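In our numbering, the protein residues as written are 175 to 306. Down below is the structure, laid out as structure tokens.
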């Protein structure tokens, strides 16, 4: 599976190829006791019922890159779309490429080493980060 990182406003959410998203959604459904909800909100496809405290019942999602792994935080993965209804904040891609969006990388510094062909991630508090 080809993965790209994006900081474009147009790519706010992560997009997985249809095959990858289906595998992820099936794994999430099979690994949690939270009730699944039928809902229609934008292009999101998977919804669970519960409180913010219930998010601990959902598994962590780890993206595997050459040379590093990146575990998404619950806050960057699930979004409350109405009171007590949470959606998986990852969308289906319209191509075979998977794209990591800015929502999932919020509060992380993303490094790109073009010579070595690797990407890195480091926690960062964006609210207090200052440049220069």
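Ideal Cβ placement from N, Cα and C applies to all residues, glycine included. Model, not experiment: these values are computed from the prediction.
Checklist entry - Going straight from the alpha carbon of residue 241 to that of residue 272, what length do you get? => result 18 Å
Review point. Does the beta-carbon of residue 263 have 16 or more other beta-carbons within 10 angstroms, so that it is buried, or is it exposed?
Key: buried
Quiz item: Around the Cβ of residue 223, are there at least 16 other Cβ atoms within 10 angstroms (buried) or fewer (exposed)?
Solution: exposed
Taking the C-alpha atoms as reference points, what is the distance between residue 237 and residue 257?
29 Å
Use the C-beta contact count for residue 215: other C-beta atoms within 10 angstroms, 16 or more gives buried, fewer gives exposed. exposed
Practice problem: Pick out the complete beta strand (DSSP E) segments inside the segment 196 to 270, 3 residues or longer, and give them in chain order. | Solution: 221 to 223, 235 to 239, 242 to 246, 252 to 256, 259 to 262 and 264 to 266
inquiry  = Between the alpha carbons of residue 217 and residue 266, how many angstroms are there, rounded?
reply    = 8 Å
Within 10 angstroms of its Cβ, does residue 275 collect 16 or more other Cβ (buried), or is it exposed? buried
Given that a residue counts as buried once 16 or more other Cβ atoms are within 10 Å of its Cβ, and exposed if not, what is residue 235?
buried
What residues in its chain sit with their C-beta under 8 Å from that of residue 225, if we drop five residues either side in the sequence?
-> 258
Notebook entry, point to check: Measuring CA to CA, which of 194, 247, 220 and 243 is closest to residue 233?
Noted result: 247
On the DSSP bridge assignment, give the partners of residue 188 in chain order. 264
Counting only the same chain and skipping the five closest in sequence on each side, list residues whose C-beta sits under 8 Å from that of residue 231. 206, 207, 208 and 224
Check your understanding: Taking the continuous beta strand (DSSP E) assigned at residue 274, which residues delimit it?
Key -> 272 to 274
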